[in-house]
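Undergrad:
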Amino acid sequence: MQKLKRLLMLALALSLLVGTMSLAAAEDLGDKPQLKFLVSHRTFDPNEDLAVKYMRELSGYDVVFEMLPQDNGDEKLMLELSAGTDFDIIELGTTMFGRLTDLGVLAPLDDALAKYGATLLAAEPKVLWDAAKNAAGEIVALPRQVGAPDYGHAKGTRGDGALYTKPEILEELKLEVPKTLDEFTAFLQAIKDAKGVAPLTLDRGTWMVWDIMTAFNLPHITWIEDENGMENILEKPAYREYIRYMASLYEKGLLDPDYPVNTGENRDQKFTTDGAYVGQYAFWQIPSLITGLTASNLSTDLVPFREPLADADGKYVLVNRYGVNKYYAVPRSSKNVDHVINYFDILARPENFMITHIGYEGVHYTVDENGDYWPIFPAFNDLNWANQFSSLQPVAVEYKQWQARARKTPEMAVAYDAVGDTLPNATFQIDRSSLCNSLPDVQANVQALNTLLYDFTLQAIVENKTTDKDFDDFTARYMAEGGQATKDAMNQWVAENSFDF
Amino acid sequence: MKRKTRGEVFFIAFSTVSMILFAIITLLPFMNVIAKSVSSEGAVLTGQVNFWPVGFQLGTFRYVLDTVEFTNGLKVSVIVTIVGTIGAMFLTTTVAYPLSKPTMVGRKFFLLMFVFVMLFSGGMVPNYMLYRSLGLTNTILALIFPGMCSVFNILLVKTFYEDLPESVEESSRIDGASNFRTLISVVIPMSMPVIATVGLFYAVGYWNSYFAGVLYITRPALKPLQQYLYELVQASQVSPDANTITTDMTQYMNTSPESVRAATIFLATAPILAVYPFLQRYFVKGINIGSVKG
Amino acid sequence: MAKRNEFPAPTADVTAACSVQGPKHHRRDRIGYIKRNYDLYLLLIPALLYILIFNYLPMAGITIAFKDYNIFGGANPIDAIWKSDWVGLKHFTKLFSSPDFARVFRNTLIISFYRLLFVFPLPILTAIMLNEIINVPFKRTIQTIIYLPHFLSWAVVSGIFLTLLGSTGLVNQFINSLGGETINFLSSKKWFRSVLIVTDAWKEVGWGSIIYLAAITAVDPQLYEAATIDGAGKIRQLVSVTMPAIAPTIIMMLILRVGRILDAGFEQIFVMYHSIVYEVADIIGTYVYREGLGRMNFSYGTAVGLFNSVVALVLVLSSNWLSKRATDKSIW
């Protein structure tokens, strides 16, 4: 306890020191005004958040958060901005960033960045800054990449969706975790024969089962880029094969009959009892299953598919996303452009970023001898939302610290490491389609098209509408309702922004 | 008192039994919500909880009541509901009276004017701009003004006024009372059943209203309770990610997000349910008309 | 029966009162009436002022249904309304010519009609039956309980029914125990509409009965006594006392319900449906929502809303007229 207190004091003193240092740097800016920050919907009030408190202390800015609603959030943002807003910072998704950039509502940041944004500019690679420019080539937002883009490494790609099964069933039926599609089908059939239930359960939103798609050499993304440019997953013959396979699973009773209506909770309920034996989970969902499994007297040592199902060549494709996840921008009406950049720059300095992201060492986290970050509970819980409004940071640094967040529970840590092996037979598909989201033709259609595709796919799987004609008809409709426009725009962008594969 | 015939007895018995069945059917899901809110995490996750708690715990309620977003929302909703209902009752009971007078000159015009409002709306943009230019956005008034004048409720009260026995109003008029006096001292006291009903409708309407918050409020501390609840329920249908997944609930309080939602639903509904028994005495048969007629 | 006296009482304003019995008002009489009853008009003012400011003023915004509204097209969103270009009926044509319009229009009418047929009468029935329960505390308890579901949002309700109606849910367990085949209620085209209607009834019937209950409560008990003395049984009392007393309320509710025929219950369907049942459950509201996702077309949304409003207006006006003809009861 004493030690903790001392540490806390030290941390406080340190933060004060950092605070005064940053104050000195910003002297020529004059008094720090209050900054109004408009963010998209959250279920918590940022003004009450501990990380935000640290941000205020460290930056010396009184940042006040206001929030858009969950429903009609984008419309509300348009209203606020067009009516003449007094916000200084707005948090934007990629499509809204594109829309507002085209409308010319966002203030250019180049001058301010040159004067006060050295740390920021160094934090992100050029390609992301390019993605934050308007047509005139001015930077109009701070691009923020969140996540783990570790190239050539499976963590962060499979971590968000791998198949898991339960040890009891493997033992009881003497089964091995399947490695190919045929083995997988036989595996499910064996369980079905023995237990009389559909072994594979999915929630209704999941139509891309990553580990199955790999068997068809299909990456789990809607727009797939290769040497020939961007193509929609609909245009790939492998997509048809994949859907036909899923439809056959549903028809044979190997896939949950409630699949089209299942919520995540229904799925978990089945998987943590004897209602199902295979499910797709992200590593961080595993802790939420533990108590359920324990309550059913089942083992909590879930068995992940160490490798996704391999295709005919014994290979499997993994996806590496590369792009911007959100932007911070300044509306033209704000008089505080310099201050906003200064604010984010202060918070981007590694020592500050650390605190706003995972708190204080010894209080909220520790670093072990391997340099791995581990959270300290319960203090770390107060920082549950800490990454939500943090500033920019080189992804490598952020990723390293992010591990503390990825290891919130022992089970989560195990699951995280289990699906994180370096996989020998992996090939990589780089996905930078999110960078296209700001193109006018893309932002206008992306949401409606995704819904269209999801609706069709669900119907195809459940009702086995999988003739070539079904696919052709739908593809024609998809293309007519904005798919072609999206594709053309993306391909033009791809041609102008070449990428070394 | 006349003895009841067999048909009557059957009719009463049939009604009673069907109502009991109906009540059971409606009660069960509510019990499910309550049971979930006080059951242990494991039981909720594995779907063992139907209508009775399994692994009883009260940590969830403590957790919800400690949530600042919940308590803030509760405060906002209570104020909005009380002030809004009072204002709305004033507007409604007054305007319904002239509209209930079949002899009133211009009655049809005014009535149509109100009915029209029920069918047509300007839409999001002009409504937002109106509230903004009146300086109401991000104030509690922006939650009170919308919904203050429900045409449906006006029509309900108006229909009720129309059906009051004319004789009572006559006697008041003979005494030389103005329309205004008649309304206050005769019509309103006689209309307590409908006033209680409409009061309940307004109160529930305010309590459940959600869209005013969406359109006019960006300050988190002013978010009404139902908006918080709605967004909490919706958020459960969108997957969180590794960064935002909450572990404090599951690890330290033996409760699950589903229990937290159930408890929030219960706590957000209980206050408005508590209002009902107070209004219920006005629904008692015959009390008003009989007494006024004396 | 507690029916309004057709002839106003002989009071101070007897001339004016008598004159309105005639088919036409005379101008002088009207002015005289207004002068004598000025306080009636004063009572109108607060609510009238409210709707003028908060309802009629914003209605100017409906014009964007006929424009290509660009919210940034002016100094502020209102200025932008005036500055946007007129496009005539473009947005309406777009709605009517969209490939699925016939399907969603048909679904809207069918589902609405089912609700009208099956759900509308239930609250009336419930109110009448509740009224028959003799024990007052018991009656109150039942009343309170049946209102409960109204307070749960559709998102919550659909979750509950999902568990009940799923392939392993209680209902299917019951069916299986009787030797029946498992029914996928929520993903079957045959069953989905019935599920919509039943869940809607479950959620709203208790709440809907309040209005009728209030109307029944207002009936003068002397009327029942008189009917009993005349030897009328329960059913006779129901037909000759209770029904006439709640008829105006029923008529009003019916007229308003008919007006909302194009509103087939967006919120409920939106949380319960999915592409497997689009063929039977996709309504105008849900279709327009999906199509407009992320496209932020304010004009199109307003046009669809206006279409709904106009249909509602026509229906309300005509059903009110019809009702006046047929039953001598109407809203105005």
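Chains as they are written, first to last, in the working numbering: chain A, 18 to 518; chain B, 357 to 650; chain C, 1134 to 1465. Glycine included, every Cβ here is placed at the ideal spot set by N, Cα and C. Quick caveat: nothing in here was measured; it's all calculated off a predicted structure.
Report the partner residues of A:G296 according to the DSSP bridge assignment.
TA: According to DSSP, A:G296 bridges with A:Y181, A:T218.
Undergrad: Using 10 angstroms around the beta-carbon of A:E386, count the other beta-carbons present and answer buried if the total reaches 16, otherwise exposed.
TA: Under this definition A:E386 is an exposed residue.
Undergrad: Would you say B:L384 and B:F407 are within 8 Å of each other, going by their C-beta atoms?
TA: Yes, the Cβ-Cβ distance between B:L384 and B:F407 is below 8 Å.
Undergrad: Classify A:T483 as helix, strand or coil using the three-state DSSP reduction.
TA: If DSSP states are grouped into helix, strand and coil, A:T483 belongs with coil.
Undergrad: Looking at A:P304 and the ligand SAH, is the gap between the Cβ and the nearest heavy atom below 7 Å?
TA: Here there are no bound small molecules, and the ligand SAH is not part of this structure.
Undergrad: Taking Cβ-Cβ distances shorter than 9 Å, what residues in chain A pair up with B:P576?
TA: Ordered by position in chain A, the residues that pass the 9 Å Cβ test against B:P576 are R59, F61, D62, P63, N64, E65, F82, E83, M84.
Undergrad: Ignoring anything shorter than 3 residues, give me the beta strand (DSSP E) runs that lie fully in the segment 76-158 of chain A, in order along the chain.
TA: For the segment 76-158 of chain A, whole beta strand (DSSP E) runs of length 3 or above, ordered along the chain, are 80-84, 106-109.
Undergrad: According to DSSP, simplified to helix, strand and coil, what is A:N249?
TA: Three-state DSSP puts A:N249 in a strand.
Undergrad: Determine, using beta-carbon pairs with one atom in the segment 474-484 of chain A and one in the segment 411-425 of chain A, whether at least three such pairs fall under 8 Å.
TA: Too few Cβ pairs lie closer than 8 Å, so no.
Undergrad: Candidates B:L520, B:M504, B:M480, B:T372: which alpha carbon is nearest C:T1274's?
TA: Here the closest residue by C-alpha is B:T372.
Undergrad: Which residues bound the beta strand (DSSP E) around A:T383?
TA: Per DSSP, A:T383 belongs to the beta strand (DSSP E) from 382-384.
Undergrad: Would the segment 212-227 of chain A count as touching the segment 269-278 of chain A if we require 3 or more Cβ pairs under 8 Å?
TA: Taking 8 Å as the limit for Cβ pairs, the verdict is that the segment 269-278 of chain A does touch the segment 212-227 of chain A.
Undergrad: Shorter than 8 Å from the beta carbon of C:F1205 to some beta carbon of chain A?
TA: Yes - at least one Cβ of chain A is within 8 Å of the one on C:F1205.
Undergrad: Tell me the residue span of the beta strand (DSSP E) that contains A:E242.
TA: That run of the beta strand (DSSP E) goes 240-243.
Undergrad: Could you check whether the segment 1321-1334 of chain C touches the segment 288-295 of chain A, counting it as contact only if at least three pairs of C-beta atoms, one from each stretch, sit closer than 8 Å?
TA: In short, these stretches do not touch, since the Cβ pair count stays below three.
Undergrad: Which one of C:R1458, C:P1210, C:T1259 has the shortest CA to CA distance from B:G479?
TA: The shortest C-alpha separation from B:G479 is found at C:P1210.
Undergrad: Are the C-beta atoms of B:V481 and some chain A residue less than 8 Å apart?
TA: So yes, B:V481 belongs to the interface.
Undergrad: Just to confirm, is the Cβ distance from C:A1436 to C:A1213 under 8 Å?
TA: It is not a contact, given that the beta carbons lie outside the stated cut-off.
Undergrad: Can you list the residues of chain B that C:S1286 reaches, using a CB-CB cut of under 7 Å?
TA: Under the 7 Å cutoff, chain B gives Y586, V589.
Undergrad: Kindly indicate which three-state DSSP category A:Y345 falls into: helix, strand or coil?
TA: Residue state, collapsed to three classes: strand.
Undergrad: Please state the DSSP three-state secondary structure of C:T1350.
TA: Helix, per DSSP.
Undergrad: Cα separation between C:L1185 and B:S489?
TA: So the two alpha carbons sit approximately 16 Å from each other.
Undergrad: Within 8 Å (strictly less), CB to CB, does B:G403 reach chain A?
TA: Taking Cβ atoms only, chain A reaches closer than 8 Å to B:G403, which makes this a yes.
Undergrad: Apply the 10 Å Cβ neighbour rule to C:L1311 and answer buried if 16 or more other Cβ atoms are within range, or exposed otherwise.
TA: Under this definition C:L1311 is an exposed residue.
Undergrad: Would you verify that the beta carbon of A:S351 is, or is not, closer than 8 Å to some beta carbon of chain B?
TA: Cβ-Cβ to chain B under 8 Å: no for A:S351.
Undergrad: Under the three-state reduction of DSSP, which class applies to C:K1223: helix, strand or coil?
TA: If DSSP states are grouped into helix, strand and coil, C:K1223 belongs with the helices.
Undergrad: Between which two residues does the beta strand (DSSP E) holding A:Q446 run?
TA: Segment 443-448, the beta strand (DSSP E) holding A:Q446.
Undergrad: With which residues is A:Y259 paired in a DSSP beta bridge?
TA: Answer by DSSP bridge pairing: none, since A:Y259 is not bridged.
Undergrad: In the DSSP output, what is A:T197 paired with across the bridge?
TA: Per DSSP, A:A327.
Undergrad: Which residues in chain A sit within 9 Å of B:G363, going by Cβ to Cβ distance?
TA: Correct list: empty, because the minimum Cβ distance to chain A is about 46 Å.
Undergrad: Hey, out of A:L335, A:F61, A:T280, whose CA is closest to A:I229's CA?
TA: Among A:L335, A:F61, A:T280, the Cα nearest to that of A:I229 belongs to A:L335.
Undergrad: Does DSSP classify B:P521 as helix, strand or coil?
TA: DSSP places B:P521 in coil when its eight states are reduced to three.
Undergrad: Are the segment 381-396 of chain B and the segment 611-631 of chain B touching by the rule of at least three beta carbon pairs closer than 8 Å?
TA: Yes: the two stretches touch, three or more of their Cβ pairs being nearer than 8 Å.
Undergrad: When you compare each of B:M375, B:Y584, B:V550 to A:M84 by their alpha carbons, which one comes out closest?
TA: Nearest option by C-alpha distance: B:Y584.
Undergrad: If we cut at 8 Å on Cβ distances, does B:F407 have a partner in chain C?
TA: No, B:F407 does not count as interfacial toward chain C.
Undergrad: Would you say C:P1232 lies against chain B (beta-carbon separation less than 8 Å)?
TA: No - not a single Cβ of chain B is within 8 Å of the one on C:P1232.
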